[in-house]
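UniProt numbering applies: residue 38 is where the sequence shown begins, and numbers increase by one. Think of the CB as a built atom: it goes at the ideal place given N, C-alpha and C, for glycine as much as any other residue. Notes for the one structure printed next.
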Amino acid sequence: GKFENILVEKRGEKKNVGLIQLNRPKALNALCDALMKELGTALDEFENDPEVGCVVLTGSEKAFAAGADIKEMQGLTFSQTFGGGFLNHWNRLASNKKPVIAAVNGFALGGGCEVAMMCDIIYAGEKAKFGQPEILLGTIPGAGGTQRLPRAIGKSKAMEMALTGDMINAADAEKAGLVSKVFPPGELVDAAVKTAEKIASHSKLIVAMCKESVNTSYELTLNEGMHFEKRIFHATFATKDRKEGMTAFVEKRPANFTDE
Ligand code: HXC
């Protein structure tokens, strides 16, 4: 294929789920620059594919991703990282309009944990391990580990992970609210695809509005957020899909959404 570090295919009965598998087994899916660029390209293609309504991002059973590529970072200086905007493009995943489900088996460490947190939903395999071990390398998380993690699991647990570098297992990650469900490793990707198919069966237009509204809750005060939500809610009444959804309910038939 055209990618060297990822595998890409469409899944689901209606081929409406985009599946991206990180595939750099020699380095436990360390997120080298080439891999992150390919991930961006694959996301662009699914965003532009009108069939696809949701994306699943996974790795291998051993590793979702063991972090940014330490061998690429080892020789860098401050002026190269600051001046070159090092890893600024990682934010591509967080700005995806279509929902992304992370299916995490094995290690999700450093940038790997941060990439999982850029996704909208995280499912984990029973042997998953989450951690922010940057402190052990003399650096700190650089893509959300000090920002998204405390929002996800609270200050004390986030501080504990970031300051000790210790990993947490799937059961603790579920208890803390970092992941929403845990599955046997071999069932994880199918379960994520099943949820993705459900999301993809809804209006893509309304799904994007709903995702944007939830994400806005992290940016605004409660009153501003409530105002934003109400405006988007009102905007759904400008769509054919809102009319179709309510009409189908009243007529006791399944809705036929057209993403308009
Ligand atoms: C480059 C990596 C890597 C990484 C593993 N490898 N993690 N290469 N960058 N992050 C490579 C190893 O060098 C080795 O290659 C091969 O993958 C297998 O790894 P082992 O260590 O032999 O496997 P194992 O003993 O099973 O240990 C697994 C592990 C360990 C516990 C996950 O690999 C580990 O601690 N990795 C580093 C985790 C980490 O610190 N991540 C945070 C990175 S900093 P060779 O060729 O030697 O056999 C970061 C900052 C993000 O993510 C900032 C974003 C803006």
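Do Val216 and Ala161 have their CB atoms nearer than 7 Å? yes
Count the C-beta pairs between the stretch 205-212 and the stretch 171-180 that are closer than 8 Å, then say yes if the count reaches three, no if not. no
Over the uninterrupted beta strand (DSSP E) stretch that includes Lys47, give me the two end residues. Ile43 to Arg48
Residues of its chain near Ser250, where Cβ-Cβ distance is below 7 Å and the 5 sequence neighbours each way are ignored: Phe265, Glu266 and Ile269
Could you check where the alpha helix (DSSP H) with Phe265 kicks off and where it finishes? Leu259 to Thr273
Going by the C-beta, is Pro170 closer than 6 Å to any heavy atom of the ligand HXC? yes
Asp296 and Lys241 closer than 7 Å at C-beta: yes
Could you spell out where the beta strand (DSSP E) holding residue 27 opens and where it closes? The chain is shown only over 38 to 297; residue 27 falls outside these bounds and no answer can be derived.
The ligand HXC heavy atom lying under 6 Å from the CB of Phe220: no
Assuming Gly38 contacts Ala233 under a Cβ cut-off of 8 Å, what Cβ separation, rounded to an integer in Å, is found between them? Incorrect: roughly 21 Å between the Cβ atoms, too far for contact.
How far does the beta strand (DSSP E) with Val93 in it extend, from its first residue to its last? Cys91 to Thr95
Is the beta carbon of Ile243 within less than 6 Å of some heavy atom of the ligand HXC? no
Kindly examine the ligand HXC and report whether one of its heavy atoms sits closer than 6 Å to the Cβ of Leu124. yes
Does the separation of the CB atoms of Gly187 and Asp157 fall below 7 Å? With the sequence shown as reference, residue 187 is identified as Pro, and Gly is not the correct amino acid for it. Taking 7 Å as the Cβ cut-off, Pro187 and Asp157 do not qualify as a contacting pair.
Spatial neighbours of Pro222 in its chain, beta-carbon cut-off 7 Å, leaving aside the 5 residues before and after: Glu98, Asn142, Gly162, Glu163 and Lys164
State the Cα-Cα distance for the pair Phe40 and Leu68, rounded to the nearest angstrom. 14 Å
Could you tell me if Arg290 is buried or exposed, where buried requires 16 or more neighbouring beta carbons within 10 angstroms of its beta carbon? exposed
DSSP-derived helix/strand/coil call for Ile205: strand
How far does the beta strand (DSSP E) with Ala161 in it reach, from first residue to last? Ile158 to Gly162
7 Å Cβ cutoff met for Glu171 and Gly149: no
Hey, quick one: how far does the beta strand (DSSP E) through Ala245 stretch, first residue to last? It is not in any beta strand (DSSP E) - Ala245 instead sits in the alpha helix (DSSP H) that spans Lys241 to Thr253.
Could you tell me the alpha carbon to alpha carbon distance between Phe167 and Glu88, rounded to whole angstroms? 33 Å
Test item: CB-CB of Ala140 and Ala229 under 7 Å: yes
Phe220 - partner residues in DSSP beta bridges: Gly162
Kindly indicate the opening and closing residues of the beta strand (DSSP E) around Ala145. Phe144 to Leu146
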